[in-house]
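A short worksheet on the structure shown next.
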Amino acid sequence: MSAARASAARAASAARAGPVTPGPAANDVVTTGFFRARGRRMSKPAIVGLMLPFFSLLVFAFLYPLMSLIAISLTEPQPGLANYARVFENPVYATVLLRTLRIALLVSLLSLILAFPVAALMARSKGPKLALITACILLPFWSSVLVRTAAWAVLLQRNGLVNGLLTGLGVTDAPVKLLYTQGAVVVAMTHVLMPFMVLPIYGALRNIPTDLARAAAICGAGPARAFREVTLPLALPGVTGGFILVFLSALGYFITPSLLGSPQEMMIATLISQQIRESLDWPFAAALVGVLTLFVTGITLAFGRLFRFDRLMGARA
Amino acid sequence: MLAIGAIAGGPSVTAATTGAAISVRGLTRRFGAVVAVDDVSLEIAAGEFIALLGPSGSGKSTVLMSLAGFDLPDAGRILIGGEDCTHLPPHRRNIGMVFQNYTLFPHLSVADNVAFPLKMRGIGRAERRARAEAALEVVRLSGFGARMPRQLSGGQQQRVALARAIVYRPRVLLMDEPLSALDKNLREEMQIEIKRLHSELGITIVFVTHDQGEALTMADRVAILRAGRVQQIAPARTLYERPANLFAAGFIGDMNRIPTTWDGRAAHVAGRALALEAEAAVSAVPPGPAILAVRPERIGVAAPDRPDALPATVTDVVYGGAGTLVIATLDDGAQVRARAPSAALPPLAPGDRVGLVVPPGAALLYPAEAP
Numbered sequence: 001m002s003a004a005r006a007s008a009a010r011a012a013s014a015a016r017a018g019p020v021t022p023g024p025a026a027n028d029v030v031t032t033g034f035f036r037a038r039g040r041r042m043s044k045p046a047i048v049g050l051m052l053p054f055f056s057l058l059v060f061a062f063l064y065p066l067m068s069l070i071a072i073s074l075t076e077p078q079p080g081l082a083n084y085a086r087v088f089e090n091p092v093y094a095t096v097l098l099r100t101l102r103i104a105l106l107v108s109l110l111s112l113i114l115a116f117p118v119a120a121l122m123a124r125s126k127g128p129k130l131a132l133i134t135a136c137i138l139l140p141f142w143s144s145v146l147v148r149t150a151a152w153a154v155l156l157q158r159n160g161l162v163n164g165l166l167t168g169l170g171v172t173d174a175p176v177k178l179l180y181t182q183g184a185v186v187v188a189m190t191h192v193l194m195p196f197m198v199l200p201i202y203g204a205l206r207n208i209p210t211d212l213a214r215a216a217a218i219c220g221a222g223p224a225r226a227f228r229e230v231t232l233p234l235a236l237p238g239v240t241g242g243f244i245l246v247f248l249s250a251l252g253y254f255i256t257p258s259l260l261g262s263p264q265e266m267m268i269a270t271l272i273s274q275q276i277r278e279s280l281d282w283p284f285a286a287a288l289v290g291v292l293t294l295f296v297t298g299i300t301l302a303f304g305r306l307f308r309f310d311r312l313m314g315a316r317a
Numbered sequence: 001m002l003a004i005g006a007i008a009g010g011p012s013v014t015a016a017t018t019g020a021a022i023s024v025r026g027l028t029r030r031f032g033a034v035v036a037v038d039d040v041s042l043e044i045a046a047g048e049f050i051a052l053l054g055p056s057g058s059g060k061s062t063v064l065m066s067l068a069g070f071d072l073p074d075a076g077r078i079l080i081g082g083e084d085c086t087h088l089p090p091h092r093r094n095i096g097m098v099f100q101n102y103t104l105f106p107h108l109s110v111a112d113n114v115a116f117p118l119k120m121r122g123i124g125r126a127e128r129r130a131r132a133e134a135a136l137e138v139v140r141l142s143g144f145g146a147r148m149p150r151q152l153s154g155g156q157q158q159r160v161a162l163a164r165a166i167v168y169r170p171r172v173l174l175m176d177e178p179l180s181a182l183d184k185n186l187r188e189e190m191q192i193e194i195k196r197l198h199s200e201l202g203i204t205i206v207f208v209t210h211d212q213g214e215a216l217t218m219a220d221r222v223a224i225l226r227a228g229r230v231q232q233i234a235p236a237r238t239l240y241e242r243p244a245n246l247f248a249a250g251f252i253g254d255m256n257r258i259p260t261t262w263d264g265r266a267a268h269v270a271g272r273a274l275a276l277e278a279e280a281a282v283s284a285v286p287p288g289p290a291i292l293a294v295r296p297e298r299i300g301v302a303a304p305d306r307p308d309a310l311p312a313t314v315t316d317v318v319y320g321g322a323g324t325l326v327i328a329t330l331d332d333g334a335q336v337r338a339r340a341p342s343a344a345l346p347p348l349a350p351g352d353r354v355g356l357v358v359p360p361g362a363a364l365l366y367p368a369e370a371p
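So the sequences go chain by chain: A and B. Mapping of the first sequence onto full-length UniProt numbering: residues 1 to 317, in sequence order. Mapping of the second sequence onto full-length UniProt numbering: residues 1 to 371, in sequence order.
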């Protein structure tokens with residue numbers, strides 16, 4: 001039933017494709033198989049069955065608590081937008097919000113710069129070499145974020161390794177303040193979040209057939225030009241994917257900024273935690289959550305519109 | 001013709017002037033212990049259509065990759081139009097290439113794909129568009145410029161790739177098994193298309209294939225490669241009628257290999273002596289064991305008592321309409337295939353005795369050892 005509908009839909013879309021020629025013949029090789037949509041359809045019960053566990057978790061552990069918080073922010077102590085007004089009235093909170101955006105952007109850009117070459121190397125490697133690089137990328141996941149953050153604290157402290165190196169090499173006369181700075185927060189967060197940038201870019205690069213680079217070269221494109229004209233546009237979905245992943249993770253980051261930053265580096269997640277645990281101001285904390293959620297949604301939608309993945313892939317009919 | 005004029009820069013440019021001669025001298029390429037290309041030399045004339053034919057692993061693709069500049073040879077030189085470009089990177093060789101899997105840029109429209117080489121050469125947008133459209137017209141895809149590659153069929157994609165390869169008027173066009181991903185009908189259509197382009201543009205074409213039929217019908221000359229060495233390079237007819245060695249003989253068409261003893265004047269097969277003409281030996285054959293090579297269609301099927309025929313027993317008869325294949329076993333055990341017009345054959349059944357007639361001039365003699 002649904003298969004018949006699907007083939008009817010395909011026939012209809014083929015008919016829409018244009019009057020100049022009929023669609024690709026059935027016995028013809030239609031594409032290189034490179035971004036081809038999967039033709040097989042699943043039955044509805046199968047789809048529901050496969051999605052149910054994840055969806056239940058999403059609803060009970062994410063959507064329900066989030067909605068409850070938003071409800072609190074709008075109803076307590078009195079119904080209205082008073083809590084939200086407070087967020088924007090007090091410049092301290094606006095500053096924290098802007099700082100959070102700035103740090104998240106810095107972390108994303110730094111991750112991108114560091115991740116792209118690694119992903120490119122991975123895409124050209126295979127066998128043990130690829131396994132080794134992948135292991136290096138995933139190695140940090142074997143320890144908790146807390147441990148990795150603590151390691152940065154050890155490295156960056158006044159008598160730590162980095163200061164030892166700097167003074168030893170004569171770069172600085174006395175130990176420099178490295179810990180509890182925005183730099184420390186950015187570097188440590190980049191370290192933790194970089195794998196989320198590497199993997200999507202690697203995936204996109206690996207899907208680019210090697211012959212495309214050859215085709216670009218024989219067409220007269222030097223290596224830099226071929227990268228700009230062919231590799232980069234085709235890797236863009238991976239780059240944007242990784243960027244969104246890292247940026248959004250960084251927006252809500254908690255442990256690293258609170259351990260490696262001073263109050264001057266406070267990010268919004270720390271502020272929310274403070275409101276809940278120290279000020280016991282649930283309604284205001286909930287309003288902050290609401291603002292953060294609004295930002296995240298807005299940024300995701302903006303990215304989606306900006307890069308138009310569908311167009312990039314030539315899905316435009 | 002109008003479109004061709006636009007490609008070639010105006011009607012005053014005659015087809016014969018566009019191709020460039022290619023000279024490959026002593027090309028050698030090793031991958032570890034494997035010698036993929038072993039001292040290959042080829043002289044390809046300007047405007048010639050040459051096919052590199054061989055089984056996989058014969059080195060034909062490596063030769064092509066060296067011509068394109070994607071693979072640097074360990075030894076030897078490559079000259080295109082008299083210019084040494086052995087170590088020139090691919091993007092500066094100014095040659096066109098069509099790959100096996102279309103390799104269109106999936107993020108660019110058909111027109112932008114075709115215009116890509118022009119963009120790389122700094123040609124302005126308006127001229128790019130006009131020339132891309134003209135090239136699309138040459139491959140009969142006018143009006144497809146706005147589409148994305150994935151909206152085209154395989155045959156159409158390969159024609160776009162062809163347009164992209166000729167749009168900047170290269171003097172040499174390399175083709176790496178360009179038709180192997182297409183089905184049979186489309187393949188034949190594209191063969192004709194490529195032949196037409198070759199005669200219209202006068203471009204030098206080097207075409208790699210493992211399909212002997214394709215090589216024979218399309219190319220002016222065919223180079224047969226095996227284990228990195230050129231076995232023979234000759235026009236189709238020579239290749240078929242006087243293969244240089246047993247490998248070439250077996251690779252092109254069907255060939256009987258009959259073990260024989262050569263005494264310098266006659267070949268002894270199953271107790272009979274066949275007198276051979278002097279030119280039967282393609283290369284020098286020392287007296288002793290040798291191989292007699294005869295095309296199945298040159299062998300006549302006659303009565304078993306004919307004195308000049310080789311007596312044999314029919315093992316199988318394969319009726320194929322116009323022609324019939326008779327498989328017979330000589331009295332010394334060698335199997336021989338004879339192809340004859342069905343109408344000229346008496347009714348035959350397995351077990352029947354026949355005489356196989358090898359007319360003078362039909363047999364070639366090769367040394368017994370593998371070439």
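Cβ coordinates follow ideal geometry from the N, Cα and C atoms, glycine included. Computed from a prediction, not measured in an experiment: that's the story for all the values here.
Quiz item: Under the rule that 16 or more other beta-carbon atoms within 10 Å means buried, what is A132/B, buried or exposed?
Solution: To locate residue 132/B, count along the second sequence from 1; it is residue 132. Counting Cβ neighbours within 10 Å, A132/B comes out buried, since at least 16 surround it.
Quiz item: Expressed to the nearest angstrom, what Euclidean distance is found between the alpha-carbon atoms of P200/A and P237/A?
Solution: Taking the first residue of the first sequence as 1, we reach residue 200/A at position 200. Taking the first residue of the first sequence as 1, we reach residue 237/A at position 237. Their backbone Cα atoms lie some 8 Å apart in a straight line.
Quiz item: Quick one: what does DSSP say L108/B is sitting in, helix, strand or coil?
Solution: Within the second sequence, the letter at position 108 stands for residue 108/B. Residue state, collapsed to three classes: coil.
Quiz item: What in chain A is Cβ-close to F31/B, meaning under 9 Å?
Solution: Position 31 of the second sequence, counted from the first residue, corresponds to residue 31/B. Result: empty, since nearest Cβ-Cβ is about 16 Å, beyond 9 Å.
Self-check item: Collapsed DSSP secondary structure at T103/B in the structure displayed
Solution: As a first step, residue 103/B is located in the second sequence; it is residue number 103 there, counting from the start. Here T103/B sits in coil by DSSP.
Practice problem: With a threshold of 16 other CB atoms inside 10 Å of the CB of Q78/A, please say whether the residue is buried or exposed. | Solution: Position 78 of the first sequence holds residue 78/A. Label assigned to Q78/A: exposed.
Quiz item: Which residues, in chain order, does the region 106 to 130 of chain B contribute to contact with chain A at a C-beta distance below 7 Å?
Solution: P106, H107, F116, P117, M120, R121
Quiz item: So is W142/A buried or exposed if we call it buried at 16+ other beta carbons inside 10 Å?
Solution: For the purposes of this step, residue 142/A is identified with residue 142 of the first sequence, where counting begins at 1. W142/A is exposed by the Cβ-count criterion.
Self-check item: Reduced DSSP secondary structure (H/G/I, E/B, other) of F49/B
Solution: Taking the first residue of the second sequence as 1, we reach residue 49/B at position 49. In this structure, F49/B counts as strand in the three-state DSSP scheme.
Quiz item: Around the C-beta of S279/A, are 16 or more other C-beta atoms found within 10 angstroms, so that it is buried, or is it exposed?
Solution: By one-based count along the first sequence, residue 279/A stands at place 279. With fewer than 16 Cβ atoms within 10 Å of its Cβ, S279/A is classed as exposed.
Exercise. Sort S199/B, I22/B, E83/B by Cα distance to V138/B and report the nearest one.
Key: The count along the second sequence starts at 1 and reaches residue 138/B at position 138. It is S199/B whose Cα lies nearest to the Cα of V138/B.
Practice problem: Tell me, please, which residues DSSP counts as bridged to N256/B. | Solution: As a position in the second sequence, residue 256/B is number 256, starting the count at 1. Partner(s): V294/B.
Quiz item: Between the C-alpha atoms of D263/B and A281/B, what's the straight-line distance to the nearest angstrom?
Solution: Position 263 of the second sequence, counting from 1, holds the residue named residue 263/B. Position 281 of the second sequence, counting from 1, holds the residue named residue 281/B. So the alpha carbons of these two residues sit roughly 13 Å apart.
Quiz item: So, is L239/B buried or exposed, given that buried needs 16 or more other C-beta atoms within 10 angstroms?
Solution: Working through the second sequence from its first residue, we reach residue 239/B at position 239. The residue is buried, with at least 16 neighbouring Cβ atoms inside 10 Å.
Practice problem: Measure from the C-beta of M190/B to each C-beta in chain A and report whether the shortest distance is under 9 Å. | Solution: Locating residue 190/B in the second sequence gives position 190, where the first residue counts as 1. False, the Cβ-Cβ gap to chain A never drops below 9 Å.
Quiz item: Under 8 Å Cβ-Cβ, which residues of chain B neighbour P209/A?
Solution: If you number the first sequence from 1, residue 209/A lands on position 209. Under the 8 Å cutoff, chain B gives N101, T103.
Quiz item: Between the region 281 to 300 of chain B and the region 359 to 366 of chain B, are three or more C-beta pairs nearer than 8 Å?
Solution: yes
Practice problem: Would you please state the rounded distance, in angstroms, between the beta carbons of V291/A and V87/A? I believe it to be under 8 Å. | Solution: For the purposes of this step, residue 291/A is identified with residue 291 of the first sequence, where counting begins at 1. For the purposes of this step, residue 87/A is identified with residue 87 of the first sequence, where counting begins at 1. Yes, they are in contact, since the Cβ atoms of V291/A and V87/A sit about 6 Å apart, within 8 Å.
Quiz item: L155/A: which of L139/A, L179/A, G220/A, I133/A sits nearest, CA to CA?
Solution: By one-based count along the first sequence, residue 155/A stands at place 155. Nearest C-alpha to L155/A: L179/A.
Quiz item: Can you tell which of A150/A, L260/A, P128/A, L288/A has the C-alpha that lies nearest to the C-alpha of S273/A?
Solution: Residue 273/A sits at position 273 when you count from the first residue of the first sequence. Checked all of A150/A, L260/A, P128/A, L288/A; the closest Cα to S273/A is L288/A.
Quiz item: Beta carbon of G124/B: closer than 8 Å to some heavy atom of the ligand PLP?
Solution: With respect to small molecules bound, the structure shown includes none, and the ligand PLP cannot be examined in it.
Quiz item: What is the DSSP secondary structure of A368/B, reduced to helix, strand or coil?
Solution: Translated into the one-based positions of the second sequence, residue 368/B becomes position 368. In this structure, A368/B counts as coil in the three-state DSSP scheme.
Quiz item: Comparing alpha-carbon positions, which option in I203/B, A126/B, A161/B lies nearest F105/B?
Solution: Position 105 of the second sequence, counted from the first residue, corresponds to residue 105/B. Of the listed residues, the one whose Cα sits closest to F105/B is A161/B.
Quiz prompt | Sequence-distant residues of the same chain with beta carbon closer than 8 Å to L330/B, five excluded per side | solution = Here residue 330/B corresponds to residue number 330 of the second sequence, with the count starting at 1. I258, V269, A270, L310, P311, A312, V336, L356, listed in sequence order.
Quiz item: Beta carbon of L205/A, beta carbon of A123/A: below 9 Å?
Solution: On the first sequence, position 205 is the one that residue 205/A refers to. On the first sequence, position 123 is the one that residue 123/A refers to. Cβ atoms of L205/A and A123/A: closer than 9 Å.
Practice problem: Compute the Euclidean distance between the alpha carbons of C219/A and L64/B, then round it to the nearest angstrom. | Solution: Along the first sequence, read from residue 1 onward, the residue named residue 219/A stands at position 219. Along the second sequence, read from residue 1 onward, the residue named residue 64/B stands at position 64. Near 16 Å, if we compare the C-alpha coordinates of L64/B and C219/A.
Quiz item: With 9 Å set as the bound, which would you pick, yes or no: does the beta-carbon of R187/B sit closer than that to a beta-carbon of chain A?
Solution: Start at 1 with the first residue of the second sequence, and residue 187/B comes out as number 187. No, R187/B lies away from the interface with chain A (no Cβ there is under 9 Å from its Cβ).
Quiz item: Using a Cβ cut-off of 9 Å, which residues of the region 67 to 83 of chain B contact any Cβ in chain A, in chain order?
Solution: A68, G69, F70
Exercise. Show which residues of chain A have a CB atom less than 8 Å away from the CB atom of V90/B.
Key: Locating residue 90/B in the second sequence gives position 90, counting from the first residue. The amino acid occupying residue 90/B in the given sequence is Pro; Val does not appear at that position. Under the 8 Å cutoff, chain A gives R214, A217, I218.
Quiz item: Going straight from the alpha carbon of residue 372/B to that of A146/B, what length do you get?
Solution: With chain B running from 1 to 371 in the structure shown, residue 372/B is simply not present.
Quiz item: Once you ignore the five residues that flank P283/A on each side, which residues in its own chain have a CB closer than 7 Å to its CB?
Solution: For the purposes of this step, residue 283/A is taken as the residue at position 283 of the first sequence. These residues qualify, in order along the chain: I72, S73, E76, P77, N83.
Quiz item: So, is V192/A buried or exposed, given that buried needs 16 or more other C-beta atoms within 10 angstroms?
Solution: For this step, residue 192/A is matched to residue 192 along the first sequence. V192/A comes out buried.
Practice problem: Assign R171/B to buried or exposed, taking buried as 16 or more other Cβ atoms, counted over all protein chains shown, within 10 Å of its Cβ. | Solution: Stepping through the second sequence from its first residue, residue 171/B is reached at position 171. Burial call: buried.
Quiz item: If you drop the 5 nearest sequence neighbours on each side, which residues of the same chain put their C-beta closer than 7 Å to that of A46/B?
Solution: Stepping through the second sequence from its first residue, residue 46/B is reached at position 46. The residues are G19, A20, A21, T204.
Quiz item: By Cβ distance below 8 Å, which residues in the same chain neighbour T167/A in space, the five residues on each side in sequence not counted?
Solution: Along the first sequence, read from residue 1 onward, the residue named residue 167/A stands at position 167. These residues qualify, in order along the chain: D173, A174, P175.
Quiz item: Which chain A residues sit within Cβ distance under 7 Å of residue 387/B?
Solution: This structure gives no information on residue 387/B, because the portion of chain B shown stretches from 1 to 371.
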